[in-house]
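Below is one structure; the comments refer to it alone.
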Amino acid sequence: MPTLKRQLGDLGEEIAANYLKKLGYQILDRNYRKKCGELDIVTRFKKDIVFAEVKSQREGTKFFPAQNVTYFKQQRLIRAARSWLLEN
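Numbers 1 to 88, taken from the UniProt record's numbering, label the letters of the sequence shown in order.
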């Protein structure tokens with residue numbers, strides 16, 4: 001059984017994916033995982049490929065999602081995005 005944290009993350013990703021669909025994005029992939037990193041959502045909008053990192057929080061928690069995407073995390077996202085592009 002998934003942990004509460006994992007359930008919250010899954011719910012956040014589902015909400016984000018549905019929101020992106022409503023805006024006209026086509027979901028190409030979700031939860032792409034490789035040794036080099038992970039991508040939460042991969043979409044296409046018109047001619048662009050968009051990689052979305054989803055950050056979820058419990059109600060009442062004060063944090064800024066961008067602060068949780070450190071330089072190290074950004075590098076892992078870039079490597080994962082490159083890997084995804086090479087495979088697709």
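Think of the CB as a built atom: it goes at the ideal place given N, C-alpha and C, for glycine as much as any other residue. Keep in mind that this is a model prediction, so the values were computed, not measured.
Review point. Does the Cβ of ALA66 have 16 or more other Cβ atoms within 10 Å, making it buried, or fewer, making it exposed?
Key: To locate residue 66, count along the sequence shown from 1; it is residue 66. ALA66 comes out exposed.
**Study point:** For LYS55, the first and last residue of its enclosing beta strand (DSSP E)
**Key:** Taking the sequence shown and counting its residues from 1, one reaches residue 55 at position 55. Going by DSSP, LYS55 is part of no beta strand (DSSP E) at all; its letter is neither H nor E.
Check your understanding: How many Å lie between LYS47 and ARG82 at the Cα?
Key -> By one-based count along the sequence shown, residue 47 stands at place 47. By one-based count along the sequence shown, residue 82 stands at place 82. In this structure, the CA atom of LYS47 is about 17 Å from the CA atom of ARG82.
Check your understanding: Is the number of C-beta pairs between the stretch 29-49 and the stretch 68-85 that are closer than 8 Å three or more?
Key -> Counting C-beta pairs with one atom in each stretch, the stretch 29-49 and the stretch 68-85 have three or more that are closer than 8 Å, which means they touch.
Point to revise | Outcome for THR43 when other beta-carbon atoms lying within 10 angstroms are tallied against a minimum of 16 | key: Here residue 43 refers to the residue found at position 43 of the sequence shown. Burial call: buried.
Exercise for review: Count the other CB atoms, across all protein chains shown, that sit within 10 Å of the CB of TYR19; report buried if there are 16 or more and exposed otherwise.
Suggested key: In the sequence shown, counting from the first residue as 1, residue 19 sits at position 19. With fewer than 16 Cβ atoms within 10 Å of its Cβ, TYR19 is classed as exposed.
Review point. Should TYR71 be labelled buried (16 or more other beta-carbon atoms within 10 Å of its own) or exposed?
Key: To locate residue 71, count along the sequence shown from 1; it is residue 71. When all chains shown are included, TYR71 counts as exposed.
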